[in-house]
Structure formats: structure tokens, C-alpha cells
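Report on the following structure.
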Amino acid sequence: MKNMARYLSRALPFLGVLVLGILGATPADASHSWGPYHWARTSNSFTLKVVDSMTPLWDPYLVIATTDWSDSTVLDTVIEAGNDDNSTRKKCAAPTGKVRGCNAAYGYNGWLGLAQIWVSGSHIVKGVSKMNDSYFNTTTYNTPAWRQMVVCQEPGHTLGLGHQDEKFDNANLGSCMDYTNDPDGTIKGQLSNKHPNDHDYVQLETIYSSHLESATTSSSGRGNGHGNAPDDLPAGVDEHGLPPWASPAHGDVYEVDLGNGVRLITHVFWVRGDLPGARP
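Residue numbers for the sequence shown follow our numbering, so the first one is 69 and each next one is one higher.
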């Protein structure tokens, strides 16, 4: 098993989570798939290309995140070079069959990072992950730990994962798919949330080992089963795919019908504290 070494290296922290699970229910006990959404594939392991439209500051974090997710037994995430000029990063257009990663100063609109997937039925056909430099350039979020956690979490959503826990003040679960105010665990002396944990890998196996399809929706496979998904956003929806009522007070997930059986689903990571647009 290609991720055995990482499993073993993280065995002790994960045992702690298991012990907590025995003593009482924890968020990690539950499934944390992002609904039924997954990439269609014709084999039990597939490759998903991540187009790198991030600036050099972000590149090392993206490399670590894609390496981490590739430790899964059911998929590999491989970086593909992309244009990182400002207009490309601002638009962050989703390439069919791939995921694009972008960072830009998207403004003080309340979100630190977001993930978007275009889905046909339950199949993901393309995706993007965006990091908002307007907030990452503040003293609150301009740390290696925050950058690594969010650049791990947003691509994790594009694989079909949800969160293990959505309470910021709960003890860290050791997963980037866990909300926290202490991403590297140094403030409270707890687990680091900068990388996936074993529960994330198990959830990916659950999602992708249950069945196969006759065609794949990732561009690296044969016989892509879907054409180009529409990108035109309905009136009133902003360039990030968010409706006018999208705000921290209205939740984290938003869905837009693009027509032709395709939906755009956006998961938002809202900022906290006293920053402009912060979660109340």
C-alpha cells in the first residue's frame, strides 16, 4: 500500500482520536463526504490534474498539499503548470476534467478560501480552489500554518470531501478538513491541522472504492464522459459563483443551476475575528 509509511507515521495521533471515539462520539466518527459528489472513473485508482495558477509564494504549499492527497490509495493529484498572471488568477477559470488552484486579492468579501465544483448528477466534471490574498496578507492569516491548512482543505473539497468538524474551538483532529483557530496546534498544544489524516484517506476509499463507471470525468482518463460544462452564471450571481445573499450568517455551501444538467456548488471558508467581512 503506497501510503503505508504515512499511515504508520501518524498512527499515534490517530490512536488518540480513536480513543476519544470510544469514550464518546466525536465528529470524526461520521462520514464526511461532500454529499454524493465524486469524479467518475473506470478504475480503482485515477489521476487528477491540478493546474497551478498560483504565485511562487504559494507553490510550495500546493506541492505539499498535492503530495499529501496523493498518499491516498484511490487517487493521485498531479500538478500541471498554468498561467499565473493576475488576470488568470483573478478569473480562475475551471478547466474541464481538472482542478485549478488560484490565489489573488479577491477583496474583503468575508471569505479566506473557497472550493467550487461543477457537477453533472453526482459526478464532478471540473473544479477550482481559490485563496484570498486580501486576508492572507493580514497578520491574522499570513502564516505558513494557515496557508498550508487552507491550500490543503480547498482541493480536498474538490475531491469530494466535506469537513470532519465545523466548530472552530473544538480540539484539532489532525486534519486540514477540520475547522480550527490553531492550524499548527502550537497555541493549545494539540494536533496540527495542516495535512490530511487517516480518516480523510479512509473516506476517500469509501467514496471511490464502492463502484466504477463506464467513463471518467477527469481529463487524464480515457473516454471523458462529459463535454464542456457551462460557465455562464445567472443574473445576480457574482464572479465567484455566490448569490447576493451569500454571507457568513447564511451558511457555507451555495448551489447555482447552470442549465444543461450542470450545477455549480461552492464551499466557503469564512474569516473570523475583527477583520472586514468577518463571520459574526
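We put the beta carbon where it would ideally sit given N, CA and C, even for glycine.
| Check | Outcome |
| --- | --- |
| For Y203, which of helix, strand or coil comes out of DSSP? | helix |
| Can at least three beta-carbon pairs, one atom from the stretch 177–189 and one from the stretch 230–242, be found at a separation below 8 Å? | no |
| Report the residue from I147, Q258, T123, Y247 whose alpha carbon sits nearest the alpha carbon of W338. | Y247 |
| In terms of residue numbering, what span does the beta strand (DSSP E) encompassing D144 cover? | 143–149 |
| On a Cα-Cα basis, can you pick out the residue from P223, V146, P212 that is closest to L125? | P212 |
| Is there contact between the stretch 213–223 and the stretch 188–202, where contact requires at least three CB pairs shorter than 8 Å? | yes |
| DSSP three-state label for H231, please. | coil |
| Does the beta-carbon of L280 have 16 or more other beta-carbons within 10 angstroms, so that it is buried, or is it exposed? | exposed |
| By how many angstroms is the C-alpha of L343 removed from the C-alpha of S282? | 48 Å |
| With a Cβ-Cβ cutoff of 8 Å, do G341 and T208 count as a contact? | yes |
| Over what stretch of residues does the alpha helix (DSSP H) that includes Q271 continue unbroken? | 266–276 |
| If you draw a straight line from the alpha carbon of W313 to that of W179, how long is it in whole angstroms? | 14 Å |
| Is T334 helix, strand or coil when you go by DSSP? | strand |
| If we ignore side chains and look at the alpha-carbon of each, how far apart do H318 and M245 end up? | 20 Å |
| For chain C, find out if any of its Cβ atoms is closer than 8 Å to the Cβ of K117; answer yes or no. | No chain C is part of this structure, which consists of one protein chain only. |
| Could you pull out every residue in the same chain whose Cβ sits closer than 7 Å to the Cβ of K158, ignoring the five residues on either side in sequence? | A172 |
| Would DSSP call E323 helix, strand or coil? | strand |
| Taking the CB atoms as reference points, tell me whether Y105 and S243 lie closer together than 8 Å. | no |
| Quick check on N177: buried or exposed, where buried means 16 or more other Cβ atoms within 10 Å of its Cβ? | buried |
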